[in-house]
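Q:
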Amino acid sequence: MPGNPILVPRRPDHASLSLPDSLEAAEEGGDLMREFFRGWRRKAGVMTLVMATVFLGAWVRNVVVTDQFELVIGDSTNYFTSTEGYFRWTRHAQIIVGDPSVMWYSVPHGSPWQPLDEQAAIEWRWRWNWCLFDFGSGLFRGVALVEWTLPCWIGFPLTGLSAALLILSPPKARRIKAPAEGPLKTKRIVPLEET
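Each position in the sequence shown, counted from 1, maps to that position plus 14 in the working numbering.
1) Report yes if the CB atom of Trp142 is closer than 7 Å to the CB atom of Phe149, and no otherwise.
2) Quick one: residues in its chain with C-beta nearer than 6 Å to the C-beta of Arg102, no 5 flanking neighbours on either side, listed in chain order?
3) If you draw a straight line from the alpha carbon of Gly99 to that of Pro165, how long is it in whole angstroms?
4) Tell me whether Val64 sits in a helix, a strand or coil according to DSSP, three-state version.
5) How about Ser115 and Val86: are their beta carbons less than 7 Å apart?
6) From Gly169, Ala158, Leu172, Leu180, pick the residue whose C-alpha is nearest to that of Ser90; which is it?
7) Grouping DSSP H, G and I as helix and E and B as strand, with all else coil, what is Gly156?
8) Look up Ser120 in the DSSP assignment and give the residues it is bridged to.
9) Shortest alpha-carbon distance to Val121 belongs to which of Asp45, Gln108, Asp81?
10) At what residues does the alpha helix (DSSP H) containing Glu49 begin and finish?
11) Give the DSSP bridge partners of Thr163, in chain order.
12) Can the beta-carbon of Ile136 be found less than 7 Å from the beta-carbon of Phe154?
13) Can you tell me whether His106 is buried or exposed? The criterion is at least 16 other CB atoms within 10 Å of its CB, across all chains shown.
14) Which first and last residues belong to the alpha helix (DSSP H) in which Gly88 is found?
15) Using DSSP bridges, identify the partner residues of Thr173.
16) To the nearest angstrom, report how far apart Leu46 and Val64 are at their CA atoms.
17) Taking the alpha carbon of Trp222 as the reference point, which residue from Trp54, Gly53, Phe69, Ala58 has its own alpha carbon closest?
18) What do you get for Gly59, buried or exposed, if any count of 16 or more other CB atoms within 10 angstroms of its CB means buried?
19) Please state if the CB of Leu172 and the CB of Thr62 are separated by a distance shorter than 7 Å.
20) Go through its chain and collect everything with a Cβ distance to Asn92's Cβ below 6 Å, but skip five positions before and after it.
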């Protein structure tokens, strides 16, 4: 039975959408990772997230274990120690210059051997100490010493900073324009006639 045709609105294939540059670049065959790391905020956010992971992971590990990395280069010995909730870097001047060497100590708490704790024997020239942040320079048994200490809980504010840098700086969105015909097209549907 012939009748009036029914008009049904149909959206065009490319409606007015907003896509991030990274997705559009991936559609065009671009490198998705390169697009993600465009700009300094994303790079800084990933770096602070890595630092936060190291600090918080070390905090969990050094509840039961003390780690010390010793590096002898030229006329100085560098100690990197992670124990009891902090990281410490200490540099001693060498009295006898030796060959470069690297040593790693990992000792459970309660063991008879523990890394050198020279705090009591240091004659400080200057020192700044606040909330487990400790920076200073002095003499240890007549040998020059520089020491920096950072608490592992610094991983929490670093995590917040990395989240702010990664989440609050989304890639710029670009509008995709609709075709020239307009936002809506109509398609004519004609009912089938009965036989």
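We treat Cβ as the ideally placed atom computed from N, Cα and C, and that holds for glycine.
A: Quick answer:
1) yes
2) Thr95, Thr163
3) 6 Å
4) helix
5) yes
6) Ala158
7) coil
8) Asp81
9) Asp81
10) 46-50
11) Arg102, Asp148
12) yes
13) buried
14) Premise fails: Gly88 is in no alpha helix (DSSP H) and is neither H nor E.
15) DSSP lists no partner for Thr173.
16) 21 Å
17) The structure shown does not extend to residue 222, since the chain spans only 15 to 209, so no value can be given for it.
18) buried
19) yes
20) Leu85, Arg105
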